[in-house]
Amino acid sequence: MQTGFSAVAAAVLAGLAALIVAGAGPGLVAAPAVRLADLPKSQADSTVDVELVLAVDISYSMDPEEQALQREGYVAALTSPEFLAALKQGMHGKIAVTYVEWAGSADQRVLVPWRVVDGRGSAEAFAASIAEAPYRRAYRTSIAGALLFSADLFKDSGQRGIRRVIDVSGDGANNQGAQVDHVRDEVVAKGITINGLPLVLKRPNAATMDLEALDIYYEDCVIGGPSAFMIPIRDRTQFKEATRTKLVLEIAGRTPQARVIPAADTEPKAAPRVSCTIGERMWQQRWGRDFN
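When we follow full-length UniProt numbering, the leftmost residue of the sequence shown carries the number 1, and every step to the right adds one.
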């Protein structure tokens, strides 16, 4: 019997055929049918369905096994039948994608530059470039830095997407650089959606700066924009399944019902359930000095 995340992921992936035929699958929010004539001129001139930045955490809090699983998750997702099926259902049947690794506020690198993925061959080539790149780890965690760096990449994608999405994954809270929720709002104001894949794998203790409520932190302080969502990973066995589910949803333009973030919320924003500066304060308490 499937429970928890596995059941949700199974429903999402099993419902992909229904999504393709009817516009929505189990546990999904259907996006309205889109025609080029109905889009604003800036989007009607689009060349791809999505411009997608895959931004992955390589800070030292990520142990080597987590790093490997994270990368393997994206490699497997990009070549999965579910992803390829979702890709072909887009208006253009292709996306532009780049893969970025990040750590501290001044440490972001493009591992695989922008490429157009339009089918199995280009997807496998992109995935192979990720798999073949050497691993590295670096100091500190700046989600804010990753978001600013990723947002700036869109100007050089060489394509115009109907949607622009940053897919950020990591296992810790922002502890360096600008305040993450302020940066989130700045990026979302540019028409970019931020989705999250928080790795909630470690139980906090006095010697670590792991955050037990990392999924809530991501939901309240990191993700945002049109139909933003996040999928937490709570067990190492979920890496590939969660990454595949998330990528399929992003390409298909759908969201899990429980994770919808309004694109333009006219109501006053609710106070975050966890402080958006908790990572900085944990760093300051742990090391007894300023967090920047």
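Glycine is no exception: its CB is placed at the ideal position from the N, C-alpha and C atoms.
Apply the 10 Å Cβ neighbour rule to residue i and answer buried if 16 or more other Cβ atoms are within range, or exposed otherwise.
i	result
residue 65	exposed
residue 68	exposed
residue 94	buried
residue 121	exposed
residue 136	exposed
residue 226	buried
residue 190	exposed
residue 181	buried
residue 250	buried
residue 198	buried
residue 123	buried
residue 132	exposed
residue 63	exposed
Look at the alpha carbon of residue i and the alpha carbon of residue j, and state the distance between them as a whole number of angstroms.
i	j	result
residue 129	residue 243	18 Å
residue 153	residue 277	26 Å
residue 79	residue 139	31 Å
residue 119	residue 85	9 Å
residue 230	residue 213	13 Å
residue 179	residue 157	27 Å
residue 192	residue 286	34 Å
residue 234	residue 61	16 Å
residue 148	residue 49	22 Å
residue 283	residue 127	35 Å
residue 162	residue 46	6 Å
residue 110	residue 185	23 Å
residue 96	residue 272	33 Å
residue 173	residue 55	15 Å
residue 236	residue 125	26 Å
residue 104	residue 144	9 Å
residue 101	residue 168	10 Å
residue 59	residue 141	6 Å
residue 238	residue 134	24 Å
residue 187	residue 200	24 Å
residue 70	residue 89	26 Å
residue 74	residue 170	13 Å
residue 117	residue 83	11 Å
residue 194	residue 217	14 Å
residue 241	residue 114	25 Å
Give the single residue among the options whose Cα lies nearest to the Cα of residue i.
i	options	result
residue 215	223, 201, 232	232
residue 159	98, 149, 121	98
residue 176	146, 247, 53, 218	146
residue 223	81, 109, 124, 165	165
residue 245	72, 71, 77	77
residue 51	201, 280, 87, 200	87
residue 275	219, 170, 239, 228	219
residue 91	134, 123, 253, 281	253
residue 81	248, 281, 279, 112	248
residue 297	281, 155, 183	What the structure shows of the chain is the stretch from 1 to 292, and residue 297 is not part of that stretch, so it cannot be assessed.
residue 299	211, 117, 228	In the structure as shown, the chain begins at 1 and stops at 292. Residue 299 is therefore absent and cannot be evaluated.
residue 150	112, 171, 134	112
residue 196	228, 142, 115	228
residue 221	107, 183, 239, 200	183
residue 108	187, 194, 241, 57	57
Does the Cβ of residue i lie closer than 7 Å to at least one heavy atom of the ligand MG?
i	result
residue 180	In the structure shown, the ligand MG is absent, as is every other ligand, since no ligand is present at all.
For chain B, is any of its Cβ atoms less than 8 Å away from the one on residue i?
i	result
residue 170	Here there is only one protein chain, and chain B is not present.
(request) Quick one: which unbroken alpha helix (DSSP H) runs of 4-plus residues sit fully inside the segment 141 to 203? Chain order, please. (result) 143 to 153, 180 to 188
(request) Mind listing, in chain order, the continuous alpha helix (DSSP H) runs of no fewer than 4 residues lying wholly within the segment 45 to 131? (result) 64 to 78, 81 to 88
(message) Which runs of the alpha helix (DSSP H) at least 4 residues long sit entirely within the segment 206 to 247? Give them in chain order.
(response) 214 to 217
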